[in-house]
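Undergrad: Structure provided below as structure tokens; questions to follow.
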Amino acid sequence: MTGVRWGMSSCPTARFHTTYDNKNDENRAGLGHVLGGVTTEHVRRRVLNTAVALCLTTALAHVGLVFLHVAPSNVVSQRFNSQVDAWIYPFFEQNWRLFAPDPDSVNREISARTAHTAPDGSIEVSDWVDLTAVDASAIRHNPLPSHTAQNMLRRSWTSYVELHGGDDLSRSDRAVMMQQYLRNIAADRMAERDGKPFENIQLRVVTLPVPAQGSADGDRRAAAAKNSDTRLLPWWKVASDA
């Protein structure tokens with residue numbers, strides 16, 4: 063009697079199970095791909111929402127702190143005065159001179175020089191560099207001069223004088239901050255100029271009255287130089303990477 067052998071491939075039930083299993087594998091793979099895409103999109107949305115919420119919170123906090131700064135003195139502004147000042151100065155200071163102009167009656171020439179201690183212990187002092195002239199050259203004939211060239215050095219010196227008066231003693235935290243701010247501006251300018259190392263920096267400010275109109279140009283310059291005032295600031299130590 064000849065036996066009949068059923069091969070796996072010839073069994074309808076086996077073929078059905080094989081096909082069914084393959085389809086299940088494909089479905090699971092497709093489902094995994096979909097779920098993976100959903101998870102990635104969910105994470106992306108959460109990151110985006112968090113970033114938007116962070117920006118909105120920062121913007122609202124900034125508006126609130128600026129409002130407390132410009133508003134008349136009140137209980138809230140007095141209570142959080144140190145926090146408000148720390149946020150506002152020196153970058154967000156509000157200046158109302160746009161609506162009530164008070165033009166300067168003097169010109170100021172702010173110069174800087176640096177000192178470096180050589181390996182043999184000797185001190186090398188650089189020549190004076192007129193930082194105001196550098197700013198003026200960046201502004202002259204430039205239709206869109208930068209805010210940095212126009213105001214940074216000049217405003218930092220004005221704020222320094224307002225807080226220190228005729229001496230260079232810092233009597234408040236804000237005075238210390240403005241002294242460091244002025245020092246860092248000058249140090250950055252000198253470091254960008256030649257890249258030479260230095261550990262100390264000194265500023266010199268020459269104040270020249272704006273001469274009256276109508277006189278000859280040479281006479282105006284001579285009169286301004288005659289009435290000029292020179293202020294020499296102390297040596298300040300700067301960061302080692304200046």
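Residue numbers for the sequence shown follow this note's numbering, beginning at 63 and rising by one.
Note that the Cβ used here is the ideal one computed from N, Cα and C, for glycine as well.
To the nearest angstrom, how far is it from the Cα of ASN262 to the Cα of TRP298?
TA: For ASN262 and TRP298, the distance between alpha carbons rounds to 5 Å.
Undergrad: Could you tell me how far apart the beta carbons of MET239 and ALA174 are, in whole angstroms, since I believe they sit closer than 8 Å?
TA: Rounded, the Cβ-Cβ distance is 19 Å, inconsistent with contact.
Undergrad: Determine the burial state of GLN145: buried for a count of at least 16 other Cβ atoms within 10 Å of its Cβ, exposed for fewer.
TA: The residue in question, GLN145, is exposed, as its Cβ has fewer than 16 Cβ neighbours within 10 Å.
Undergrad: With a threshold of 6 Å on Cβ separation, who are the neighbours of SER218 within its own chain once the five nearest residues in sequence on each side are excluded?
TA: Around SER218: TYR243, LEU244, ILE247.
Undergrad: Should PHE260 go down as buried or exposed, given a rule of 16 or more other Cβ atoms within 10 Å for buried?
TA: PHE260 is buried by the Cβ-count criterion.
Undergrad: Does GLN264 pass the burial test, meaning 16 or more other C-beta atoms within 10 Å, or should it be called exposed?
TA: Classification for GLN264: buried.
Undergrad: Excluding the 5 residues flanking ASN169 on each side, which residues of the same chain have their C-beta closer than 7 Å to its C-beta?
TA: Result list for ASN169: LEU270, VAL272, in chain order.
Undergrad: State the DSSP-derived secondary structure class of LEU122, mapped to helix, strand or coil.
TA: The answer is helix: DSSP assigns LEU122 an H, G or I state.
Undergrad: In terms of residues, what are the limits of the alpha helix (DSSP H) holding ASN246?
TA: Residues 235-256.
Undergrad: With DSSP collapsed to three states, give me the class of ASP192.
TA: Three-state DSSP puts ASP192 in a strand.
Undergrad: Please determine, among THR120, LEU118, ASP147, CYS117, the residue with the shortest C-alpha to C-alpha distance to LEU130.
TA: Nearest C-alpha to LEU130: ASP147.
Undergrad: What span of residues does the alpha helix (DSSP H) with SER184 cover, start to end?
TA: Segment: none, SER184 is in no alpha helix (DSSP H) and carries neither H nor E.
Undergrad: Let me check one thing: in DSSP terms, what residues is ASN262 bridge-paired to?
TA: In DSSP, ASN262 forms a bridge with ALA177, LYS299.
Undergrad: For VAL168, write down the residues that DSSP places opposite it in a beta bridge.
TA: Paired residues: PRO271.
Undergrad: Let me know the secondary structure DSSP gives ASP291 once reduced to three states.
TA: Of the three classes helix, strand and coil, the one that applies to ASP291 here is strand, per DSSP.
Undergrad: Counting along the chain, where does the alpha helix (DSSP H) carrying ASP147 start and finish?
TA: Start and end: 143-150.
Undergrad: Classify ILE201 as buried or exposed, calling it buried when 16 or more other Cβ atoms lie within 10 Å of its own Cβ.
TA: Exposed, since its Cβ has fewer than 16 Cβ neighbours within 10 Å.
Undergrad: So, helix, strand or coil for GLU224, using DSSP?
TA: Reduced to three states, the DSSP call for GLU224 is helix.
Undergrad: Applying the 10 Å Cβ sphere with the 16-neighbour rule, what's the burial state of ILE185?
TA: Classification of ILE185: exposed, given that the 10 Å Cβ count is below 16.
Undergrad: Closer than 7 Å by C-beta to LEU193: which residues in its own chain qualify, once you throw out the five before and the five after it? Chain order, please.
TA: Contacts found: ILE172, SER173, ALA174, LEU215, ALA248, ARG251.
Undergrad: Kindly indicate which three-state DSSP category ASP197 falls into: helix, strand or coil?
TA: In the structure shown, ASP197 sits in a helix (DSSP, three-state: H, G or I).
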